[in-house]
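A short worksheet on the structure shown next.
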Amino acid sequence: MISQISRRSFCVAAGVSATLVALGGAGALTAQGAMLRPPGGQDERAFVAGCTHCGRCVSACHARAIGAASLADGLLEARTPVMRYNLGFCDFCGDCARVCPTGALRPFDVEAASAGDVDACCIGKARLSREICLAWTSSSCNLCYEECPYEAISLDGDGHPVVDEARCNGCGVCEYVCPVLSLRSYIGGTARAIAVVPVSPGEEEVGR
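Residues 1 to 208 (the working numbering) are what the sequence shown spells out, left to right.
See below:
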């Protein structure tokens, strides 16, 4: 009996160890960085404690802007919802929070958030990579500036887009329309020239 339990324990431990090695070590148990959560889920500790990985928010997103985290994002975070702006952007409709059965996604002021009030709900902040931005490298694109519904992107004296983080609520329109991947396919990877990143409450205050 003891030997059977020992063998079983060994096999389980070996399986877990193999998974961790495949994912890059023990650090893969948790996310390797902050996660970009749907609106109402910016308190990461409370969100992770309440999320049951049910996927209802993913199904409810009519804009297809919510996806599921993968094992590469961390074993504990796998299948939790994250924003994926390659397929859509957030219009703060509030459907994801309404269908959340545990309150992991908290209700927010839909009208205020839809009007661009960052105090009502802020998913993250857009950050621009000037090294690959077409506007900064060749002055051939201003789509993010033209499409931003909240006037959070302006142009400097030379016509280059600049993000005003105090006005940005992380809707993802700029990331969604950025054409860098199609016009500069040779750079490889999945990075667009502008992307929304999560921010901590303290960081957000500094940016204002």
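Glycine residues also receive a C-beta, built at the ideal position from the N, C-alpha and C atoms. Predicted model, so just to flag it, every value in this text is computed and none were measured.
Tell me the DSSP bridge mates of residue i?
| i | result |
| --- | --- |
| M83 | I66 |
| S154 | V162 |
Determine the extent of the alpha helix (DSSP H) in which residue i is found, giving its start and end residues.
| i | result |
| --- | --- |
| A78 | Note, A78: premise wrong, no alpha helix (DSSP H); not H, not E. |
| A46 | E44 to G50 |
| E111 | V110 to S114 |
| R98 | D95 to V99 |
Going by C-alpha distance, which of the options is nearest residue i?
| i | options | result |
| --- | --- | --- |
| D95 | C144, H62 and G170 | H62 |
| V48 | E77, K125 and A135 | E77 |
| V196 | E151, R127, S182 and D158 | R127 |
| G40 | L181, C90, D158 and S138 | C90 |
| Y85 | Y150, A68 and S139 | A68 |
| D158 | C168, S138 and Y150 | S138 |
| V118 | G74, D164 and D73 | D164 |
Take residue i and list the residues in its own chain whose beta-carbon comes closer than 7 angstroms to its own, dropping the five residues that flank it on each side.
| i | result |
| --- | --- |
| C100 | R56 and C57 |
| I2 | Residue placement at I2 cannot be trusted, given a pLDDT of 41 that sits under 50; what the coordinates show is reported in the next sentence. Here the set comprises nothing. |
| C223 | For residue 223 there is no data in the structure shown, the boundaries of the chain being 1 and 208. |
| A120 | F108, D109, A112 and A113 |
| P38 | C57, I66, P81, M83, C96 and L105 |
| G50 | T102, G103 and A104 |
Determine, for residue i, whether the minimum Cβ-Cβ distance to residues of chain D falls below 8 angstroms.
| i | result |
| --- | --- |
| C61 | Of the protein chains in the structure, only one exists, and it is not chain D. |
Nearest-angstrom Cα distance between residue i and residue j?
| i | j | result |
| --- | --- | --- |
| C93 | I132 | 32 angstroms |
| G170 | C54 | 24 angstroms |
| G103 | K125 | 24 angstroms |
| A113 | L71 | 31 angstroms |
| W136 | L155 | 11 angstroms |
| R64 | L36 | 15 angstroms |
| R192 | D43 | 26 angstroms |
| E146 | G172 | 13 angstroms |
| S182 | R130 | 17 angstroms |
| L87 | R79 | 18 angstroms |
| T52 | C122 | 23 angstroms |
For the beta strand (DSSP E) that residue i lies in, which residues bound it at each end?
| i | result |
| --- | --- |
| L128 | K125 to L128 |
| A195 | I194 to V197 |
Beta-carbon within less than 6 angstroms of residue i's beta-carbon, same chain only, minus the 5 sequence neighbours each way: which residues are those?
| i | result |
| --- | --- |
| A46 | none |
| A60 | D95, C96 and V99 |
| P198 | A34, L36 and G124 |
| C141 | L134 and A135 |
How about residue i: is its Cβ closer than 7 angstroms to a heavy atom in the ligand MN?
| i | result |
| --- | --- |
| P81 | This structure lacks the ligand MN; in fact it carries no ligand of any kind. |
Which residues in the same chain as residue i place their Cβ atom closer than 8 angstroms to its Cβ, once the five residues preceding and following it in sequence are excluded?
| i | result |
| --- | --- |
| C148 | V173 and C174 |
| Y150 | G116, R167, C168, N169 and C171 |
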